[in-house]
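Visitor: Residue numbers (this note's numbering): -4 to 305. Take this structure, written in structure tokens, and hold onto it; I'll ask about it next.
This is the structure we're talking about:
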């Protein structure tokens, strides 16, 4: 039994302080309310984990949350850009995974937000503090690392940039490499090597925990119906990088979950972005399902019973 308490807390907070996701609340508190929401999410996750430990541990389930953020590579070999790429990670992925796997917020994140808050003449830091009891309550509340991985970004040092929120606090400007191909619905860049880079970072950062890729997939506009060679290529290349994570890097990858089994409702794109291995005819009252070529490819792949290595 594998459980996820909260899916992508890094995305959930974007509904507070920005209008990117629902409920698009407290837009005048950007750079403050997100941190409060993040704190509450971590405490809620820890509460659910401890409750399961107390009452349902006999079921031998494993619990985690799905971690989501910005994995950045430095734009140049300069020390400044390398440090910016690390800050990009710690202020997004580390924001939630560091308290769970190590305890409390990443030290650099704490230091930076505290200092920026002082410069803004605030009496308290915009990043709320945990008590020691809360730190202990949250630490160790994941039996595996749940990773949502689609793409990566390019980081440059941006101290003093006018951006607001997390990346302003991180002193990072994030962009993409124009040479990277886009998925057909133009939601993100297709960067297979990002899978291996992020998994390896998790191994190094958190002591090689069990890892499940809980979300990864490719969107299309559906114009080709069931003919989706680009999705097949996406799967082949991303899973190839995951193989390298296992067999070359020695990372403890236990599973992979594709987003999605069927075409569905996407929060930001409705029914227009098609992520499914199975096509759904939303104009038919029966919502007729038809397997895409990628579904047959995935079926064949799964029948191998492992992420094989050649």
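Every residue gets a Cβ at the ideal spot worked out from N, C-alpha and C, and that includes glycine.
1. Per DSSP, what are the beta-bridge partners of residue 254 in this structure?
2. Does DSSP put residue 86 in a helix, in a strand, or in coil?
3. DSSP three-state label for residue 8, please.
4. Please determine if the region 205 to 213 and the region 247 to 255 are in contact, where contact requires at least 3 C-beta pairs separated by less than 8 Å.
5. Strictly by DSSP, which residues pair up with residue 148?
6. Using only alpha-carbon positions, find the residue among 101, 124 and 28 that is nearest to residue 201.
7. Looking at residue 150 and residue 80, is the spacing between their C-beta atoms short of 7 Å?
8. Going by alpha carbons, who is nearest to residue 28 out of 61, 120, 234 and 239?
9. Please work out which residues of its chain come closer than 8 Å, Cβ to Cβ, to residue 297, disregarding the five sequence neighbours upstream and downstream, and give them in chain order.
10. Per the DSSP calculation, residue 286 is bridged to which residue(s)?
11. How big is the Cα-Cα spacing for residue 68 and residue 147?
12. So residue 242 is in the alpha helix (DSSP H); what residue range does that whole segment cover?
13. Quick check on DSSP: helix, strand or coil for residue 41?
14. So what does DSSP say about residue 33, is it helix, strand or coil?
15. Does DSSP classify residue 205 as helix, strand or coil?
16. Just to check my reading of the structure: residue 220 and residue 274 have Cβ atoms closer than 8 Å, yes? What is that Cβ distance to the nearest angstrom?
17. Across which residues does DSSP place residue 129 in a beta bridge pair?
18. For residue 168 and residue 99, I'd like the C-alpha separation in whole angstroms.
19. Does DSSP classify residue 106 as helix, strand or coil?
20. Among 107, 230 and 262, whose alpha-carbon lies nearest the alpha-carbon of residue 295?
21. Could you round the C-beta distance between residue 141 and residue -1 to whole angstroms and report it? I think they count as a contact, below 8 Å.
22. Kindly identify the DSSP beta-bridge partner or partners of residue 142.
23. Go to residue 2, then tell me how far its beta strand (DSSP E) extends in each direction, as first and last residue.
24. Just verifying my parser: in three-state terms, what is the DSSP assignment at residue 184?
25. State buried or exposed for residue 3, treating a residue as buried only when at least 16 other CB atoms are found within 10 Å of its CB.
26. Mark residue 291 as exposed unless 16 or more other C-beta atoms lie within 10 angstroms of its C-beta, in which case mark it buried.
27. When the Cβ atoms of the region 1 to 20 are set against those of the region 52 to 72, are three or more pairs found closer than 8 Å?
28. For residue 169, list the residues DSSP reports as bridge partners.
Guide: Let me lay it out:
1. Looking up residue 254 in the chain shown gives position 259. Answer is none; residue 254 lacks a bridge partner.
2. Stepping through the chain shown from its first residue, residue 86 is reached at position 91. Residue state, collapsed to three classes: coil.
3. Against the chain shown, residue 8 aligns to sequence position 13. If DSSP states are grouped into helix, strand and coil, residue 8 belongs with the helices.
4. yes
5. Counting from 1 along the chain shown, the entry for residue 148 is found at position 153. Beta-bridge pairing links residue 148 to 67.
6. Numbered from 1 along the chain shown, position 206 holds the residue referred to as residue 201. Comparing Cα-Cα distances from residue 201 to each of 101, 124 and 28, the minimum goes to 101.
7. Position 85 of the chain shown, counted from the start, is the residue given in the question as residue 80. Position 155 of the chain shown, counted from the start, is the residue given in the question as residue 150. Yes; because the gap between Cβ atoms is below 7 Å, this pair is in contact.
8. Numbered from its first residue, the chain shown carries residue 28 at position 33. Measuring from the Cα of residue 28, the nearest candidate turns out to be 120.
9. Looking up residue 297 in the chain shown gives position 302. For residue 297, where only same-chain residues beyond five positions count, there are no Cβ hits under 8 Å.
10. Numbered from 1 along the chain shown, position 291 holds the residue referred to as residue 286. Under DSSP, the beta-bridge partners assigned to residue 286 are 273.
11. As a first step, residue 68 is located in the chain shown; it is residue number 73 there, counting from the start. As a first step, residue 147 is located in the chain shown; it is residue number 152 there, counting from the start. About 8 Å.
12. To locate residue 242, count along the chain shown from 1; it is residue 247. It spans 224 to 242 - the alpha helix (DSSP H) in which residue 242 sits, taken as one unbroken run.
13. Taking the chain shown and counting its residues from 1, the one referred to as residue 41 is at position 46. Reduced to three states, the DSSP call for residue 41 is helix.
14. Walking along the chain shown from the start, residue 33 turns up at place 38. DSSP places residue 33 in helix when its eight states are reduced to three.
15. As a first step, residue 205 is located in the chain shown; it is residue number 210 there, counting from the start. Residue 205 falls in the coil class under three-state DSSP.
16. To locate residue 220, count along the chain shown from 1; it is residue 225. To locate residue 274, count along the chain shown from 1; it is residue 279. Going by Cβ atoms, the distance from residue 220 to residue 274 rounds to 6 Å, so yes, they are a contact pair.
17. Translated into positions along the chain shown, residue 129 becomes position 134. BP columns for residue 129 are empty, so no partner.
18. Your numbering for residue 168 matches position 173 in the chain shown. Your numbering for residue 99 matches position 104 in the chain shown. Looking at the two C-alpha atoms, the distance is approximately 25 Å.
19. Taking the chain shown and counting its residues from 1, one reaches residue 106 at position 111. Residue 106 falls in the helix class under three-state DSSP.
20. As a first step, residue 295 must be located in the chain shown, where it is residue number 300. Taking only the C-alpha atoms, the option nearest residue 295 is 230.
21. One-based indexing of the chain shown puts residue 141 at position 146. One-based indexing of the chain shown puts residue -1 at position 4. Indeed, because the Cβ distance is near 6 Å, the residues count as touching under 8 Å.
22. Taking the first residue of the chain shown as position 1, residue 142 is located at position 147. Paired residues: 62 and 208.
23. Against the chain shown, residue 2 aligns to sequence position 7. Counting along the chain, the beta strand (DSSP E) containing residue 2 begins and ends at -3 to 2.
24. For this step, residue 184 is matched to residue 189 along the chain shown. Here residue 184 sits in strand by DSSP.
25. In the chain shown, counting from the first residue as 1, residue 3 sits at position 8. By the neighbour-count criterion, in which 16 or more other beta carbons inside 10 Å mark a residue as buried, residue 3 falls on the buried side.
26. Within the chain shown, residue 291 is the residue found at index 296, counting from 1. Exposed.
27. yes
28. Looking up residue 169 in the chain shown gives position 174. Residue 169 is bridged to 150.
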